[in-house]
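Written below as structure tokens is the structure these notes are about.
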Amino acid sequence: MKGFAKYYGKRLIWYLVTLVIAVFLNFMLPRLMPGDPISQLVSSAAAGVTDMNAYQKIVDQYTKEFGMDKPLIQQFFIYVGNLFKGNLGVSFAQYPKTVSAIIKESIGWTLALQIPALIVGWILGNVLGAVAAYIRKGWDKAVLPFFLFISNTPAFGLALVFVTYLAVKAGWFPVGRGYGSQFASPVASWEFVASVLKHYQLPFWTMVLISIGGQAIGMRSMSIYELNTDYVKYSRFLGIKDRKIVMYVFRNAMLPQITGLAMSLGSSVGGNLVAESIYSYPGIGSQMLKAISARDYPTLSACTLMITIMVLIANIVVEFLYAVVDPRIKAAQQDG
Amino acid sequence: MKNLKKVLALLLAAMMVMGLLSACTKTEEPAAEPTQEASQEETKEESKAEESKAEESKAEESKAEESKEEEPVATDTSVTPRNETFYLTTGQWGTIINNNGFSSNTNNTFCGNNSFTACELQFETLYMFNLLKGSGDPLLADGDPEFDADNNMTIHLKPAAAWSDGTPLTAEDVKATFDTHMLVNSNAGVAYAPYMASCDVVDEHTVVFHPTENVNVPQMMNYINGMYVFQKAYLDAKLAEYGTDYEGFKNDLMYDAPHSGPYDLTINNAQAVGVTRRDTYWGQDASMWGKLPVPKYIVHNIYADNNAQANALRVGESDMGQTYIANVQTMWLDDGLPVSTYYPEAPYHVAVSQPTCIFNTTVEGLDQVAVRKAIALAVDYDQILSAAMTNQAPPFSQYPRMLFQPNDEIRATYCKDQAALEEIGWLGNDVEGAIALLDEAGVVDTDGDGWREWPAGNNLSFQASCPTGWSDWQASMTQVSEAGAKIGIQIETYFPESAQWSENLRTGNFTITMNSYGGGPSDPWNSFYAVFYNYHSADNYDPAYLPEITLGYSRYSGEYTQRANELLDQAAKTTDIATLQDIYQELNVIYLTEVPSFALMYRPQLFHEVNESVWTNFPAEGDGISPTCCIFAQGVAALYQLELVDEQ
Chain A
1 MKGFAKYYGK RLIWYLVTLV IAVFLNFMLP RLMPGDPISQ LVSSAAAGVT DMNAYQKIVD
61 QYTKEFGMDK PLIQQFFIYV GNLFKGNLGV SFAQYPKTVS AIIKESIGWT LALQIPALIV
121 GWILGNVLGA VAAYIRKGWD KAVLPFFLFI SNTPAFGLAL VFVTYLAVKA GWFPVGRGYG
181 SQFASPVASW EFVASVLKHY QLPFWTMVLI SIGGQAIGMR SMSIYELNTD YVKYSRFLGI
241 KDRKIVMYVF RNAMLPQITG LAMSLGSSVG GNLVAESIYS YPGIGSQMLK AISARDYPTL
301 SACTLMITIM VLIANIVVEF LYAVVDPRIK AAQQDG
Chain B
1001 MKNLKKVLAL LLAAMMVMGL LSACTKTEEP AAEPTQEASQ EETKEESKAE ESKAEESKAE
1061 ESKAEESKEE EPVATDTSVT PRNETFYLTT GQWGTIINNN GFSSNTNNTF CGNNSFTACE
1121 LQFETLYMFN LLKGSGDPLL ADGDPEFDAD NNMTIHLKPA AAWSDGTPLT AEDVKATFDT
1181 HMLVNSNAGV AYAPYMASCD VVDEHTVVFH PTENVNVPQM MNYINGMYVF QKAYLDAKLA
1241 EYGTDYEGFK NDLMYDAPHS GPYDLTINNA QAVGVTRRDT YWGQDASMWG KLPVPKYIVH
1301 NIYADNNAQA NALRVGESDM GQTYIANVQT MWLDDGLPVS TYYPEAPYHV AVSQPTCIFN
1361 TTVEGLDQVA VRKAIALAVD YDQILSAAMT NQAPPFSQYP RMLFQPNDEI RATYCKDQAA
1421 LEEIGWLGND VEGAIALLDE AGVVDTDGDG WREWPAGNNL SFQASCPTGW SDWQASMTQV
1481 SEAGAKIGIQ IETYFPESAQ WSENLRTGNF TITMNSYGGG PSDPWNSFYA VFYNYHSADN
1541 YDPAYLPEIT LGYSRYSGEY TQRANELLDQ AAKTTDIATL QDIYQELNVI YLTEVPSFAL
1601 MYRPQLFHEV NESVWTNFPA EGDGISPTCC IFAQGVAALY QLELVDEQ
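These protein sequences, in sequence, are chains A and B.
First residue of the first sequence? That's 1 in my numbering, and the numbers climb one at a time after it.
First residue of the second sequence? That's 1001 in my numbering, and the numbers climb one at a time after it.
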């Protein structure tokens, strides 16, 4: 147990070091992009201003309000100080809205779309990979290549095809948004739930279909490797049922897939640009896209910081999960 | 193992449903319609809360934050019947930031101070701009503005005008609004302070705006067409609450602000923003509309981009759109959809602005008028119109090139001699003429590498820039580049992100770029100002204070700019049409001979596409209603004539 604590203690220190570096990079990298957020903001906020001094006064007001009149290093320490208070700052592009408010109104949409889609895609992909490896035949020669083809289709292309043919032309699905136009805001009714589920279908299945192929090919490779191992051959000699053997194989082959899933779940808070932009889902991804084009440093830094923290947490969880799934790893961790 | 599977499956299903429903929770909702008493009580309570909290926190910005949290939550209209709801898509790309007309950024379709697109549903302006005639129609005001010899502007108010809380809207409110803009240094206050000195109350229904010494009538017209009037009592209470914390005042959400328009802001979430009709609206009076607007609800669904908005229009989720849709006519010609535009034939929309190619005339080569004009002559404008706009704007052959909008009424008013201007103008794609002009000016290729040189030994090489993703502008700059190649001038296209382009424009870091001029109550003065004004020669230019900024205007050098500045100053101080005609004629001649910039096309400021599945009788040619989305400026008149298709 002592070795276990020592192992995780070391790991936590490394995660903290990673976090500190990430915070610095999250702050600096957006600010190194060419382009001035204030110029863009003022170009719309001061539209129609004809007096040059007045124009410059507006520029000065924003510069002071955003703290951009201070040296970069001072801005960094103010940023870190605010982080400790839980203050992510004020958005430049959506000034005076706070970054926290922007994330709050977006994160629910992102997680509601991302997490179920990732998990369903992961499960279907892994099952397909295992089946393709074990049964081969049509699964390996037709179904898997089909999903690989889908996976390699640009996500925005697939989404556009779905919108154009299934929503606009066929009218089977709505063209976008989270629920029907008749609902000005969410209501507690079955009609509303039905509307939400109907609007959910295209973005959800776009993401699921895109992810199946990648998961399946990884699982297939691992499964083929496992199927050729001694314990599988020995199990067959012993006359153990195929179904049982497949379960053994599936469990052992799943280890790298768990890592992939955890990483995907961690980074899922960053949203899915394609689903959110093509299907007008108001999530974090589209907020990030807007922030990048507007050079909205606080929003951008907050979003990337959130992704960083979630990926680090996912890493920690994976390490724990490894120990649960694979006793060999648990033994190694206990050794410190 | 089987049980585990079941549990996992149930968990996953529950997570999906919970996730979906959690995403649908409401965000900040606006107040439905607080009574005056309730509003005042809330304000008092907020003030008390502020005082106690202020002791705990010294941070100024926290004050605004706390205020936000204390805003009353509305019971909004959750289901809006289709036959009572008018859906539109304009420029609402995200959730509302606030409902504060003094804020620098509301991101609120229903609270946008702008002379061209002031939404008249919730708050109202004195005049509502009518883009068809280039001037404003009275809304809160009664009759046209009156100017005396010193350009003091008197405005009478309609006695019937009233606030949503039932109190009358008076001259004191108009004055309080103006004074507050100046006091808190709102963007409008900063913008108008150089031109407007004060606002005085003459009587309950009359105010006078006094200009500064720097008289600028067009800017005064902008103010009265674009600025919302707020209630004095409300402003006084808010100012008392915030004291000298003007930033806090400007960042206040103001969802509880009394307003004079026919609708209340009642829908505000990540999917839609919208308003609900208030049936006590003062505009039912015979002195204004004489009735209520037809739709009970007006909802702007939030879509991710233009394509999504166009799809919504196509399937009838949206009744009205204002985005550019390439080959829009195919919607009804090929697909048989009940979609139409303002004009049934090309150019389909009312063109207002002139996307313009701007030269940095302080750059060697572009300081030569022959080079500038040669590029302008060689550009294929028909190709731009076709490629960038799919012919959804009139060509230069229909409206000859000059700094007036392509509008018969406006040109008839201000253009003194169109034939003279037509004679010195050009239709483009004149490569031979451009080459002859350059040869004559001695701008030639001496080393045989295919590129002309100026000064001797230096190839003429420029960069034509505009923001990436602005497809019509990019297509235009590409045509400028191709025109250069045809006449031996190297012009590379450069499409940075808009933030980079904006900075380059502001700092003058460009050789050839684009901007768009035209439209609004200060037009045509504003278009001429944008093209000509050289701030370096302005009286109030302070090089120590102003860095290299261009305000999106051309960087000019040359003697003609001095004369142009003089003419612009004269034009700003007069309302006499004959004088203005003379001034604008001379400025147009300078524009066409010196070519400091040149228009690449005409373009609508707002496109106008409607799907008549549910509503019909939208603005059309001849009815005098501005095609401004039925909610902006004078276009709001359309709401009073809409009809349901089913009831016809």
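Glycine included, C-beta positions come from ideal geometry on N, C-alpha and C.
Check whether residue i and residue j have beta carbons under 7 Å apart
| i | j | result |
| --- | --- | --- |
| B:L1235 | B:A1188 | no |
| A:I150 | A:L209 | yes |
| B:L1157 | B:D1142 | yes |
| A:P174 | A:L113 | no |
| B:E1120 | B:V1636 | yes |
| A:S277 | B:E1317 | no |
| A:F147 | A:G213 | yes |
| B:L1567 | B:L1587 | yes |
| B:Q1405 | B:V1350 | no |
| A:P34 | B:Q1500 | yes |
| B:W1282 | B:A1118 | no |
| B:A1388 | B:D1472 | yes |
| B:L1438 | B:A1370 | yes |
| A:I284 | A:T110 | yes |
| A:A130 | A:W139 | no |
| B:T1089 | B:G1321 | yes |
| B:V1215 | B:N1152 | no |
| A:V311 | A:G266 | yes |
Of the residues the options, the one placed nearest residue i, counting alpha carbons only
| i | options | result |
| --- | --- | --- |
| B:I1410 | B:L1088, B:A1240, B:D1646, B:P1521 | B:P1521 |
| A:V317 | A:D296, A:I258, A:S277, A:S268 | A:I258 |
| A:L300 | A:K6, A:G270, A:I78 | A:G270 |
| B:G1488 | B:V1480, B:Y1494, B:Y1414 | B:V1480 |
| B:A1378 | B:G1428, B:G1112, B:V1369 | B:G1428 |
| A:I58 | B:G1166, B:A1572, B:A1191 | B:A1191 |
| B:A1662 | B:F1632, B:N1565, B:I1512, B:G1134 | Lying outside 1001 to 1648, the shown extent of chain B, residue 1662 of chain B is not represented and no answer is given. |
| B:V1299 | B:R1082, B:T1323, B:G1166 | B:R1082 |
| A:W14 | A:T229, A:I313, A:A130, A:P327 | A:I313 |
| B:G1469 | A:A155, A:S293, A:L148 | A:S293 |
| B:G1625 | B:E1612, B:H1608, B:M1227 | Reading the sequence as shown, one finds Ile at residue 1625 of chain B and not Gly. Nearest of B:E1612, B:H1608, B:M1227 to B:I1625, Cα basis: B:H1608. |
| A:A159 | A:R236, A:Y225, A:G176 | A:G176 |
| A:A275 | A:Q201, A:Y225, A:D326, A:A332 | A:Q201 |
| A:F183 | B:P1168, B:V1174, B:M1227, B:S1078 | B:S1078 |
Residues sharing a beta bridge with residue i, DSSP
| i | result |
| --- | --- |
| B:P1355 | B:S1516 |
| B:M1196 | B:P1211 |
| A:Y248 | Its beta-bridge partners do not exist; DSSP assigns none. |
| B:L956 | Coverage of chain B is limited to positions 1001 through 1648, which leaves residue 956 of chain B absent and any answer about it impossible. |
| B:E1647 | Paired residues: none, contrary to the question. |
| B:D1137 | B:M1128 |
| A:F192 | DSSP lists no partner for A:F192. |
| B:P1604 | B:A1351 |
| B:E1612 | According to DSSP, B:E1612 bridges with nothing at all. |
| B:P1168 | B:A1162 |
Within chain A, the residues that residue i reaches when beta carbons sit closer than 9 Å
| i | result |
| --- | --- |
| B:N1105 | L41, S44, A45, A93, Q94, Y95, P96, K97 |
| B:I1302 | R177, S280, P282 |
| B:Y1087 | S181 |
Contact set between residue i and chain A, taken where Cβ atoms lie within less than 8 Å
| i | result |
| --- | --- |
| B:V1079 | Q182, F183, A184, V187 |
| B:P1355 | What B:P1355 touches in chain A: nothing, since even the nearest Cβ is about 15 Å away. |
| B:E1120 | Within 8 Å Cβ-Cβ: nothing; B:E1120 doesn't reach chain A, min ~18 Å. |
Where residue i meets chain B, residues with beta-carbon distance less than 7 Å
| i | result |
| --- | --- |
| A:I58 | N1187, V1190 |
| A:V249 | Under the 7 Å cutoff, chain B gives no residues; its nearest Cβ is about 15 Å from A:V249. |
| A:W172 | Chain B residues near A:W172: none, gap ~11 Å exceeds 7 Å. |
| A:A294 | A1499 |
Partners in chain B for residue i, counting only beta-carbon separations shorter than 9 Å
| i | result |
| --- | --- |
| A:D36 | A1499, Q1500, S1502, E1503, R1506, T1507 |
Residues that residue i contacts on chain A, provided the C-beta gap is smaller than 7 Å
| i | result |
| --- | --- |
| B:V1328 | Within chain A, no residue comes near B:V1328; the closest Cβ sits about 15 Å away, beyond 7 Å. |
| B:D1417 | Within 7 Å Cβ-Cβ: nothing; B:D1417 doesn't reach chain A, min ~27 Å. |
- Query: Which runs of the beta strand (DSSP E) fall wholly inside the stretch 1446-1508 of chain B and span at least 3 residues, in chain order?
  - Reply: 1461-1465, 1490-1494
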